[in-house]
Amino acid sequence: MPTDCKGYVLVDLLKIVKDRLGDGGLKKFAEVNGNANYLGAKIYNEEEVIKFFKSLSIVVFGDDSKKNLVEAGKLLAQIHISSKVFATMINLISQRIFSGFLFSQKTNKLLQNSITSISPSLEVKVESLDDKNLRITFYNTKIPVEIFYGEWVESISYLKINALVSYQILSRNSFYLVLSKK
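For the sequence shown, my numbering begins at 674 and goes up steadily by one.
1) Around the Cβ of Lys688, are there at least 16 other Cβ atoms within 10 angstroms (buried) or fewer (exposed)?
2) Which of the three DSSP states is assigned to Asn806 in this structure?
3) Need the endpoints of the alpha helix (DSSP H) that Ala750 sits in, please.
4) Compute the beta-carbon to beta-carbon distance between Ile731 and Val705, rounded to the nearest angstrom, for a pair I have assumed lies under 8 Å.
5) With DSSP as the reference, identify every bridge partner of Gln785, one or two as the case may be.
6) From Tyr681 to Leu843, what distance separates their C-alpha atoms?
7) Using a 10 Å radius around the Cβ and a threshold of 16 neighbouring Cβ atoms, would you call Gly707 buried or exposed?
8) Evaluate Lys727 with the Cβ neighbour count: other Cβ atoms within 10 Å of its Cβ, from every protein chain shown; 16 or more gives buried, anything less gives exposed.
9) Pull up the distance between the alpha-carbon of Phe848 and that of Asn710, whole angstroms please.
10) Looking at Gly713: is its Cβ nearer than 8 Å to the Cβ of Glu819?
11) What did DSSP end up calling Tyr840 once you bin it into helix, strand or coil?
12) Helix, strand or coil: how does DSSP classify Tyr831 here?
13) From Asn786 to Leu686, what distance separates their C-alpha atoms?
14) How should Asn741 be labelled, buried or exposed, when 16 other C-beta atoms within 10 angstroms of its C-beta is the threshold for buried?
15) Pull the bridge partners of Lys854 from the DSSP assignment, please.
16) Does the beta-carbon of Leu837 have 16 or more other beta-carbons within 10 angstroms, so that it is buried, or is it exposed?
17) From this set, Gln778, Glu824 and Gln841, which residue's C-alpha is nearest Val743's C-alpha?
18) What did DSSP end up calling Tyr812 once you bin it into helix, strand or coil?
19) According to DSSP, is Tyr711 helix, strand or coil?
If you want it as structure tokens, here you go:
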């Protein structure tokens, strides 16, 4: 998720808050965040997205620690798992890298486009390191790496494959995730 975000994702995350905590959870979210009225058609900027996820972590998990931001990222993955874009991504990952095939440039570009379809201004690069490792590099984003990490950990567990997700911070605003077949 990142730099900017299409509002439908945030609206769907608020539905999870309501399902888990009821109307009281939405009220608490509004108190913590200052807003609980997100529009599906709007694109929210990076600062709004960061504030949203920190508020989500506080309301659902108790605080906005790194551990709880990972959990918020896992909630984000649950939203994506049900989407058509994510289904395409899942298919690509499971059929290609985790079947032992290298990603082609075309496949990497398709995966990259799937990621940026949710966050249009996110700068991302997808590349195969070898037949067992895929690196996804995120540039110029202030979104905490823990949110992306949680999102991918949950996504990989959904795939039910024997894989690991790790991350490396490159600079203050850039990092990469590596998906590795065990």
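Glycine is no exception: its CB is placed at the ideal position from the N, C-alpha and C atoms.
These numbers were taken from a predicted model, which means no experiment stands behind them.
To lay it out plainly:
1) exposed
2) DSSP, read as helix, strand or coil, puts Asn806 in strand.
3) Lys739 to Ile754
4) 5 Å
5) In DSSP, Gln785 forms no bridge with anything.
6) 30 Å
7) exposed
8) buried
9) Answer to the nearest angstrom: the Cα atoms are 31 Å apart.
10) no
11) strand
12) In the three-state reduction of the DSSP assignment, Tyr831 falls in the helix class, which pools H, G and I.
13) 22 Å
14) buried
15) Lys854 is bridged to Ala836.
16) exposed
17) Glu824
18) strand
19) coil
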